[in-house]
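Chemist: Here it is, the structure, as C-alpha cells.
Protein chains: 2
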Amino acid sequence: MQLNQATDYAFRAVLHLASLPAGAVVSARELAEAQAIPPRFVLKIMHALTRAGLVESRRGPAGGFGLARPAAEISLLDVIEALEGPVAIHRCLAEREACNKHCTSECPVHAALRGLQDGLVAGLRRATFASLVAKKP
Amino acid sequence: MQLNQATDYAFRAVLHLASLPAGAVVSARELAEAQAIPPRFVLKIMHALTRAGLVESRRGPAGGFGLARPAAEISLLDVIEALEGPVAIHRCLAEREACNKHCTSECPVHAALRGLQDGLVAGLRRATFASLVAKKP
DNA sequence: CTAAATCTATACTATTCCAGTATAGTACTG
DNA sequence: CAGTACTATACTGGAATAGTATAGATTTAG
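Protein chains in written order, with my numbering: chain F, 1 to 137; chain R, 1001 to 1137.
See below:
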C-alpha cells in the first residue's frame, strides 16, 4: 500500500525539471547529485519518464532531460502511472478477472474501496507540478 | 500501492461475521469454505484480527470467531491496520526519519500526498461494516 | 478424566517484487 | 572520429508475499 522508491525519485526529478527555466536540460549525473538519487538508477527512472512522454531527452555532449510539456500539464498521477502503471489500492480494482474468481461484483467492500480510490486518483490528477513548484519555499 | 491478499481475505471474513446474528460464532473451517480462503491461511488472518481486538474467539468444540464489538464500530481502516499496520501511501508519510535523509520537510510533493492520504484514511474510517452489510443485496 | 475439536503461536518455504548495478549499444557534438 | 551522454535490457541480492506446517493450549462432551 505504498508508492515505491523509484516513484519517489521520479517525483523529485520531475520537480527539479519543473523548476528549471523553460527549454533548459539537466544531465542524468547532475540530477542524481542534486536529488540524491543513485547515479545508475536515475537512468532507469528517466527512461520510464521518457517512454511515458513526460520528459524529453537530448543525447550527446550538453545533452540531458527536460519536460516534454508544461509543468501545469504534468500531475503526480502521470508520474505514478509512468513508473508503476495504473493506480489500484486493491487487486480487484485493477484486474476485474481476478476479482470474480473469489467474490461477486456486488461485494460492498469493493464498491466502497472504488469510491475512495476514485477520490484519491482525482486528487493525484489535480496535483500538477506547476502548482507544486509554486508552493516551494 | 495495493492492499495485500491477506487484507482482502480479512475484509471478507469480517463482513461474514458482521452478517451473523449477534453472539453467533463461526469456525475457521466454515469461514474458509464460505469465503474461499485457504483453510490454513484463515487461521493466521483471524489471529491478527483477534490480536487487534476486532474479533473474539472461543476454543474447543463449537468454538469459533465472532465480532468483538458492534459492526458499526469496525471500519475498513481497522481491518487494514490489523493486517498491515498504519496506512501510508508514501514512505515519508510513514517514517519521518527516513524522509529527512533525502528531502526537506518543506517538500511540496509530500505535503500534497499527505493531504490526499488524510482524505483516504478518513474515508476508510467512515466505512464501517455495519454500513457495508446494509448495502449487501 | 480423557479424547476430540478448535484456536494459538511461531517457524518454515517457494515465489515474486524491489532497488540497484552492469553493460553493450546508439546518437550527437566538436 | 573520439568523447559524452542517453537507450535498452539483463542481472543480482535481499525483502516481502502468500501460503504451509506443526507443536501446544483450551474447551466441551461423553
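We put the CB at the ideal spot given by N, CA and C, even for glycine. What you are looking at is a predicted structure, and each value in this text was computed from that prediction instead of being measured.
#1: Please work out which residues of its chain come closer than 8 Å, Cβ to Cβ, to R:V1026, disregarding the five sequence neighbours upstream and downstream, and give them in chain order.
#2: Between the C-alpha atoms of R:Q1117 and F:M1, what's the straight-line distance to the nearest angstrom?
#3: How would you write the range of the alpha helix (DSSP H) that R:R1069 sits in, first residue to last?
#4: Touching or not, the stretch 69-80 of chain F and the stretch 114-128 of chain F, by the rule of three or more beta carbon pairs under 8 Å?
#5: Just verifying my parser: in three-state terms, what is the DSSP assignment at F:G115?
#6: Could you give the residue range of the alpha helix (DSSP H) that holds R:V1055?
#7: Use the C-beta contact count for F:R51: other C-beta atoms within 10 angstroms, 16 or more gives buried, fewer gives exposed.
#8: Looking at chain F, is there any beta carbon in it that lies within less than 7 Å of the beta carbon of R:G1123?
#9: Would DSSP call F:G123 helix, strand or coil?
#10: If you check the beta carbons only, do R:L1054 and R:A1082 fall under 7 Å apart?
Modeler: Once the coordinates are examined:
#1: The sequence position of residue 1026 of chain R within the second sequence is 26, counting from 1. Excluding sequence neighbours, R:V1026 sits near H1016, L1017, L1020, A1034, G1064, F1065, G1066.
#2: Along the second sequence, read from residue 1 onward, the residue named residue 1117 of chain R stands at position 117. Along the first sequence, read from residue 1 onward, the residue named residue 1 of chain F stands at position 1. So the alpha carbons of these two residues sit roughly 11 Å apart.
#3: Taking the first residue of the second sequence as 1, we reach residue 1069 of chain R at position 69. Here R:R1069 belongs to no alpha helix (DSSP H), and DSSP marks it neither H nor E.
#4: Three or more Cβ pairs closer than 8 Å define a contact, and the stretch 69-80 of chain F meets that threshold against the stretch 114-128 of chain F.
#5: Residue numbering aside, residue 115 of chain F sits at position 115 when the first sequence is read from its first letter. The answer is helix: DSSP assigns F:G115 an H, G or I state.
#6: As a first step, residue 1055 of chain R is located in the second sequence; it is residue number 55 there, counting from the start. Not the alpha helix (DSSP H): R:V1055 falls in the beta strand (DSSP E), residues 1055-1058.
#7: Walking along the first sequence from the start, residue 51 of chain F turns up at place 51. Exposed, because fewer than 16 other Cβ atoms sit within 10 Å of the Cβ of F:R51.
#8: Counted from its first residue, the second sequence places residue 1123 of chain R at position 123. Interface residue, yes.
#9: Position 123 of the first sequence holds residue 123 of chain F. DSSP, reduced to helix, strand and coil, places F:G123 within a helical segment of the structure shown.
#10: Position 54 of the second sequence, counting from 1, holds the residue named residue 1054 of chain R. Position 82 of the second sequence, counting from 1, holds the residue named residue 1082 of chain R. Contact: yes.
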